[in-house]
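In order, the protein sequences belong to chains A and B.
For the first sequence, the numbering used here gives the first residue as 44, with consecutive numbering after it.
For the second sequence, the numbering used here gives the first residue as -2, with consecutive numbering after it.
Idealized CB from N, CA, C, for every residue including glycine.
Model, not experiment: these values are computed from the prediction.
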Amino acid sequence: MKHLKIIIILFALLLAALLTLMGRCFYLQFFKSSHYVQICARQQQGRIIHQPQRGVILDCRARVLAASSRIQTIFAEPRTIKDPIEVSNKLADIVDLPAHKICKLITESRNPGFVKIKTNAEVEQCRAARKIYGLGVQSGWKRYYPMANLASHVVGFTGLDGDGLDGIELQYDKNLKGRTGKNVFLADAARRPISDSPFGSNNENYQLRDGVGIILTLDATVQQFARAELLKQYQDFGAESAIAIVASAKTGAILALVSLPDFEPNKVGLAQMDTLRNRAISDEFEPGSLLKPISAAIAIEANAVSKDEKIFCENGNYRGKGFGRIGEYGDHKFGDLGVREILINSSNIGMAKIGQKLGKNKLYNGLELFGFGKKTMLGLPGEVDGKLRPLKKWDGYSITRVPFGQEISVTAIQLVKAFCILANDGKSVRPFLIEAIVDNNGQIIMQKKSPSDVGFVVKPEVANWLVREAMAGVVNEGTGKKAQLKKWQVFGKTGTAQLAKSDGTGYSENEYVASFVAGAPAENPQLIVLVSIFKPDVSLGKGYTGGTVAAPVAGKILEKTLNYLEVESSL
Amino acid sequence: MNSIKDNSLARNIAMVVIILMAVGVVFVFSAGVSVEQEFDLSRFYEFPHLRQMMFFPLAGLIMYIASCFNYRKFSMDSGLFKSPTTYILALSAILLAIVLVPRFGTEINYARRWLRIPIGAITISFQPSELAKWSVIFFLAAICDRIGSDIKLYWKRFVPICGVVAVVAGLIITEDLGTAAFILFLSFLMLIIAGVKFWHVLTPLPFCFAAAAAVLIHSPNRMRRIAAFLNPEKWADSTGYQANQSLIAIGSGGLFGKGLGRGICKYGHLPEDTTDFIFSIIAEELGFFGAAAIIVLFIIFALLGIMVIVRCKSRFGQFLAAGIVLSIVGQAALNIGVATAMLPTKGVPLPFVSAGGTSLLLTAAAVGVLINIASQSPKTQIEDEQ
Chain A
44 MKHLKIIIIL
54 FALLLAALLT
64 LMGRCFYLQF
74 FKSSHYVQIC
84 ARQQQGRIIH
94 QPQRGVILDC
104 RARVLAASSR
114 IQTIFAEPRT
124 IKDPIEVSNK
134 LADIVDLPAH
144 KICKLITESR
154 NPGFVKIKTN
164 AEVEQCRAAR
174 KIYGLGVQSG
184 WKRYYPMANL
194 ASHVVGFTGL
204 DGDGLDGIEL
214 QYDKNLKGRT
224 GKNVFLADAA
234 RRPISDSPFG
244 SNNENYQLRD
254 GVGIILTLDA
264 TVQQFARAEL
274 LKQYQDFGAE
284 SAIAIVASAK
294 TGAILALVSL
304 PDFEPNKVGL
314 AQMDTLRNRA
324 ISDEFEPGSL
334 LKPISAAIAI
344 EANAVSKDEK
354 IFCENGNYRG
364 KGFGRIGEYG
374 DHKFGDLGVR
384 EILINSSNIG
394 MAKIGQKLGK
404 NKLYNGLELF
414 GFGKKTMLGL
424 PGEVDGKLRP
434 LKKWDGYSIT
444 RVPFGQEISV
454 TAIQLVKAFC
464 ILANDGKSVR
474 PFLIEAIVDN
484 NGQIIMQKKS
494 PSDVGFVVKP
504 EVANWLVREA
514 MAGVVNEGTG
524 KKAQLKKWQV
534 FGKTGTAQLA
544 KSDGTGYSEN
554 EYVASFVAGA
564 PAENPQLIVL
574 VSIFKPDVSL
584 GKGYTGGTVA
594 APVAGKILEK
604 TLNYLEVESS
614 L
Chain B
-2 MNSIKDNSLA
8 RNIAMVVIIL
18 MAVGVVFVFS
28 AGVSVEQEFD
38 LSRFYEFPHL
48 RQMMFFPLAG
58 LIMYIASCFN
68 YRKFSMDSGL
78 FKSPTTYILA
88 LSAILLAIVL
98 VPRFGTEINY
108 ARRWLRIPIG
118 AITISFQPSE
128 LAKWSVIFFL
138 AAICDRIGSD
148 IKLYWKRFVP
158 ICGVVAVVAG
168 LIITEDLGTA
178 AFILFLSFLM
188 LIIAGVKFWH
198 VLTPLPFCFA
208 AAAAVLIHSP
218 NRMRRIAAFL
228 NPEKWADSTG
238 YQANQSLIAI
248 GSGGLFGKGL
258 GRGICKYGHL
268 PEDTTDFIFS
278 IIAEELGFFG
288 AAAIIVLFII
298 FALLGIMVIV
308 RCKSRFGQFL
318 AAGIVLSIVG
328 QAALNIGVAT
338 AMLPTKGVPL
348 PFVSAGGTSL
358 LLTAAAVGVL
368 INIASQSPKT
378 QIEDEQ
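What follows is the structure, encoded as structure tokens:
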């Protein structure tokens, strides 16, 4: 049976071959498995990224300050286009662009994989363009600022990649941004998703979550009043920059915040660097006479002086060992003045003497309580502390200069906070900008709570006396007459500070900050307005003092806003 | 004549084959999905994976009918021209010739291998080379049994037999080099079994190689496949793509597989997933243990085949059984070798498992003949004791 032997030998060989194949499978599936699993992951996974819609920024009456809308961009992939002329002609019929321009874009593109043809294309155009080989449609979001310059420093702006770079856009970037949706799936050879389940339950997946909306305390109308009035004066006086802030006196809610020069957030790329800075929180300056009511309040609160006490103002020339010479503005020569008259006439010597009576410890502590020397935590990026020098560095000059606003630097928002405290019966106030945060369904997920730091900085009698008697007197009888209103009793204080020379050798002769802080109505203050105009052009001969340059602006802003808010007439 | 029922050997063969065919139906169905796929039962015949479900019971039926048909009828005991084997071989040759005529043959994947016969709404595709393979095996078994030791006569016996085989292989070689080479290889093995002198067998080999080389030179596609086999990484994106994807499918399956129906490679990543590379899909979804089980089933089939051959008393039966089993298991080894990239890519289906009606039905018929041979052999002592 020779053939049986041969058959058995052949079968043995065949079985050996099969066993070898089994070994090969074991090699591939045990030793090399992880290698092939990796290749699989690379080859067979697709992913889709969904960009979330950035949240809106609204004013307190739900007017849109910033919003994102979806835009479709038609693009070409030049390397895949064999006949640019034909493609251009076809596309020219779809989008209203001349064919030769499209052709030029395609042929002269530096990037062989992508060239933008038309942004903001319509749905029909996109559908038609998709059918042409070599063209594609990209979907994205575009940030719009419908109010343009109006609230540019508060709202801020975003960069090309959609990240917030300044203002609320930066401060609340995380909330506004939402969460990018990511969908990792297994794909077939044409990269179509195979199925959501059972493969889709993958921890690499993120659900898309659009950004939340932010409602500001800002009122676009009030902002418009403030900006228009300030801009007019800023231009008339050829000033370098200007600030106006309108706050709700009792709560510290910011209704308007203007910093000039400002910028157009829709074209932020064209803006000059200098215009991007929010001067109301980033620039510190010596407040000058604006600080006098605050110093006086601290002194009366500490019983260092009484309201009726007469203080001899040295006939305009006060000198002594350790503090040099102090004169009056405009070379006035005052004799005995009460605290009210000192404020109305803005006497430096009177304030210096009050400071000496008060002592540096109490003055320092009082200023700290009013919020100077530290950020107000308004909620905008770039806020600075200002400079309240530490007590051990105070000397005889300090205690006689700080009471009338020298040797101390403040920000505009700090001043607003301090005067809000006076207007709020001496109770602490913290300025804020965020009214509420709402999710995509309109549900409020965070609302402004009443400030936790409630407490009296000065007694109500002291605060009310300063507002109703002293500061109302400034407007009625003193330097702030230009802020008077027919319907409401305004209170305020002027400030005309010389700017320190940049080389640090004293004060400049013709560079001033003209400021006016005002509020109304005095009986029950609703609003605090601060206007500061920096470096009005003295050579124009129109004036440069707070009473001349800033007070009329503050008055008009107050008048329009009180009318708008329908505050009852008090006169 | 004993029936299948009371012969455990025949029963076991049928069982192994039916398990393999059932696995085939499941995996052809699994591999047949695609993303945009929707079943349209009114056109089910156009979907290979649905068609396969119909072929399965049909194959079982054909296997049973063939097993009832006495295999001795295929022998040439009563003369060359009274045996059906001769006529089947002639029919194969004619069909092969018809396929080559452009009007009748249908090109699929640049090869003319199919006859399409429209019957009403559906079209039956028929692959004559499959029939040719079986008819050559039957012919060689019959003729070698008939001429006995005369096979040693070189000019009078060996050369004419080689001539017949050469004609059949020659008709296939231009369109389907793989099947032609496989037929030649099987013929070579069967002649050795029949007792041909070894140096006789060597003489036609130069002609075979010359023919293969000529075909290869005329077809750059085939040359590239060889090159891709020798250097798989370099050709991973083009010619070696299939082999590379097959390795990814098998390798990513790991020991336990991704789970039945959960393979990914079948979604267009691995072409020919229902036919030539069905093994890769099984290995991907069931892992090493699934792949090994398929190989073990073929090993069991081979061992059962050996038992049939050993027990069979007739030389013709032994030759025929050996040819059938060698053909089936050899083809399985070839297919798995291609899937695991141990052999260059060749379109050879995995018997019983791959999609394809002609192959499945004809293989089932051949197994039916094998079962008939098994059922006619005397029972062993062990079975007698039972």
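Collapsed DSSP secondary structure at residue i in the structure displayed
{"i": "Met60 of chain B", "result": "helix"}
{"i": "Gln490 of chain A", "result": "strand"}
{"i": "Thr539 of chain A", "result": "strand"}
{"i": "Lys470 of chain A", "result": "strand"}
{"i": "His196 of chain A", "result": "helix"}
{"i": "Glu282 of chain B", "result": "helix"}
{"i": "Asp12 of chain A", "result": "Lying before the first or after the last residue shown, residue 12 of chain A is absent from chain A, which here runs from 44 to 614."}
{"i": "Asp253 of chain A", "result": "coil"}
{"i": "Asp262 of chain A", "result": "coil"}
{"i": "Glu520 of chain A", "result": "coil"}
{"i": "Asp374 of chain A", "result": "helix"}
{"i": "Asp588 of chain A", "result": "What sits at residue 588 of chain A in the sequence shown is Thr, not Asp. Coil, per DSSP."}
{"i": "Ser244 of chain A", "result": "With a pLDDT of only 48 at Ser244 of chain A, under the threshold of 50, the placement of this residue in the model should not be trusted, and no figure is reported."}
{"i": "Tyr215 of chain A", "result": "coil"}
{"i": "Ala296 of chain A", "result": "strand"}
{"i": "Val384 of chain B", "result": "Nothing in the structure corresponds to residue 384 of chain B, since chain B is present only between -2 and 383."}
{"i": "Leu178 of chain A", "result": "strand"}
{"i": "His266 of chain B", "result": "coil"}
Residue i classed as buried or exposed, judged by whether at least 16 other C-beta atoms fall within 10 angstroms
{"i": "Leu56 of chain A", "result": "exposed"}
{"i": "Gln383 of chain B", "result": "For Gln383 of chain B, the predicted structure reports a pLDDT of 40, less than 50, and the residue's modelled location is therefore unreliable. A value from the coordinates is still provided. Classification of Gln383 of chain B: exposed, given that the 10 Å Cβ count is below 16."}
{"i": "Trp531 of chain A", "result": "buried"}
{"i": "Lys130 of chain B", "result": "buried"}
{"i": "Tyr407 of chain A", "result": "buried"}
{"i": "Tyr550 of chain A", "result": "exposed"}
{"i": "Gln328 of chain B", "result": "buried"}
{"i": "Asn326 of chain A", "result": "Asn is not the amino acid found at residue 326 of chain A; the sequence shown has Asp there. It is buried - the Cβ of Asp326 of chain A has at least 16 other Cβ atoms within 10 Å."}
{"i": "Cys68 of chain A", "result": "buried"}
{"i": "Trp152 of chain B", "result": "exposed"}
{"i": "Leu71 of chain A", "result": "buried"}
{"i": "Ile306 of chain B", "result": "buried"}
Bridge partner(s) assigned by DSSP for residue i
{"i": "Gly183 of chain A", "result": "A:Ile114"}
{"i": "Ile114 of chain B", "result": "B:Ile121"}
{"i": "Gln86 of chain A", "result": "In the DSSP output, where bridge partners are listed per residue, Gln86 of chain A has none listed."}
{"i": "Val301 of chain A", "result": "A:Ala287"}
{"i": "Asp159 of chain A", "result": "First, the residue type needs correcting, since residue 159 of chain A is Lys and not Asp in the sequence shown. Its beta-bridge partners are A:Phe118."}
{"i": "Lys430 of chain A", "result": "A:Ser452"}
{"i": "Asp379 of chain A", "result": "A:Phe355"}
{"i": "Ala164 of chain A", "result": "A:Gln115"}
{"i": "Ser77 of chain A", "result": "Its beta-bridge partners do not exist; DSSP assigns none."}
{"i": "Leu101 of chain A", "result": "A:Val107 and A:Ile258"}
Anticipated Cβ contact below 8 Å, residue i with residue j, distance rounded
{"i": "His197 of chain B", "j": "Phe136 of chain B", "result": "The pair is not a contact, with the Cβ atoms about 18 Å apart (cut-off 8 Å)."}
{"i": "Lys350 of chain A", "j": "Ile343 of chain A", "result": "6 Å"}
{"i": "Gly367 of chain A", "j": "Tyr277 of chain A", "result": "Not really, about 35 Å apart at Cβ, beyond 8 Å."}
{"i": "Phe52 of chain B", "j": "Gly354 of chain B", "result": "5 Å"}
{"i": "Val510 of chain A", "j": "Lys536 of chain A", "result": "The Cβ separation is near 10 Å, so there is no contact."}
{"i": "Gly448 of chain A", "j": "Lys335 of chain A", "result": "7 Å"}
{"i": "Gly429 of chain A", "j": "Ala230 of chain A", "result": "Going by Cβ atoms, the distance from Gly429 of chain A to Ala230 of chain A rounds to 59 Å, so no, they are not a contact pair."}
{"i": "Leu476 of chain A", "j": "Ile297 of chain A", "result": "5 Å"}
{"i": "Ser111 of chain A", "j": "Arg97 of chain A", "result": "4 Å"}
CB of residue i within 9 Å of CB of residue j, strictly
{"i": "Ala340 of chain A", "j": "Val505 of chain A", "result": "yes"}
{"i": "Lys396 of chain A", "j": "Tyr361 of chain A", "result": "yes"}
{"i": "Val311 of chain A", "j": "Ala299 of chain A", "result": "no"}
{"i": "Leu273 of chain A", "j": "Val301 of chain A", "result": "yes"}
{"i": "Ala561 of chain A", "j": "Ala526 of chain A", "result": "yes"}
{"i": "Phe349 of chain B", "j": "Ala361 of chain B", "result": "yes"}
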